[in-house]
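Beneath this line is the structure, given in structure tokens, with notes to follow.
In our numbering, the protein residues as written are 5 to 251.
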């Protein structure tokens, strides 16, 4: 008789959070950090990882700084090197379960990530486009204190299979009102163009994980206090993948 010895997958177990970039107001960073805390996953925000590397002034950080200053996109290979180093440092401390936010954003990145991470779940945080546009157009920054607010008061009644969406504004205090400004690129035409570019890259990534039965779609229909309990409930069946290594 032949005996097959199971070899544990050396790649760290990873959940990935997909969805529009932070500037589109989905709250992906907040949700991913809270989910990571609940499920005992080490939270990695790809953008923060890059900024930390640049701040450390490591060799790879200096290279990244030069590329960013030229206004160019960082090559996938560099981001993957930083990620791999993060995984290795964490493994030395006994940490090998992660939640990755902000990566992958392209099909090439998704394929490359599989070489260094054992992706067990890809959560796609979705917000209807008309709501995304309205939220982006409602963003304001106080030029005095630097805080961000959102004056959009969103209500969409339930229609057919689509649930009701209620998102109250994040109103500024009276002292900030005279100093509120809207970013020049938070105009409808610019926002829709950004979303078009985002979808052209993200759709193949979603399909990549869908064909592997790893994709979970989740629509945001309210603020964080209303949405987080729903999200945690949806993720309950996947809890085992956050705490066990799959060969």
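Don't be surprised by glycine CBs; every beta carbon is placed ideally from N, CA and C.
Judged by DSSP in its simplified three-state form, residue 128 adopts strand.
Per DSSP, the unbroken beta strand (DSSP E) holding residue 222 starts and ends at 219-223.
By alpha-carbon distance to residue 82, the top candidate from 65, 131, 98 is 65. The beta carbon of residue 113 is closer than 7 Å to those of 80, 107 in its chain, skipping five residues each way along the sequence. Rounded to whole angstroms, the gap between the alpha carbons of residue 219 and residue 96 is 30 Å. Counting only runs of 3 or more residues that sit fully inside the stretch 184-241, the beta strand (DSSP E) segments are 219-223, in chain order.
Looking at 46, 126, 77, the one whose alpha-carbon comes closest to that of residue 99 is 46.
Scanning its chain for C-beta atoms nearer than 6 Å, with the 5 sequence neighbours on each side dropped, one finds around residue 37 the residues 47, in chain order. In this structure, residue 33 lies away from residue 224, with their beta-carbon atoms at least 9 Å apart. Positions of the alpha helix (DSSP H) runs, each at least 4 residues long and wholly inside the stretch 60-116, are given as 63-73, 80-96 in order along the chain. Excluding five sequence positions before and after residue 133, the CB atoms of its chain that fall closer than 7 Å to its own CB belong to 199, given in chain order.
The C-beta distance from residue 21 to residue 103 rounds to 7 Å, short enough to meet the 8 Å contact threshold.
Taking a cut-off of 8 Å for Cβ pairs, the stretch 226-238 and the stretch 154-174 touch, as three or more such pairs fall below it. Between residue 120 and residue 87 the beta-carbon gap is near 7 Å, inside 8 Å, which marks them as a contact.
For residue 182, the closest alpha carbon among the candidates 239, 175, 146, 245 is that of 146.
Listed as beta-bridge partners of residue 35 by DSSP are no residues whatsoever. The Cβ atoms of residue 245 and residue 125 lie closer than 9 Å to each other. Exclusion of the five residues before and after residue 138 leaves 156, 158 as the residues of its chain whose Cβ lies within less than 6 Å of its Cβ. Secondary-structure assignment with DSSP links residue 143 through a beta bridge to 154.
Exclusion of the five residues before and after residue 175 leaves 153, 155 as the residues of its chain whose Cβ lies within less than 8 Å of its Cβ. Here residue 245 carries a helix assignment [DSSP, helix/strand/coil]. Under the three-state reduction of DSSP output, residue 136 falls in the helix class. Annotation: the continuous beta strand (DSSP E) that includes residue 18 extends over 17-22.
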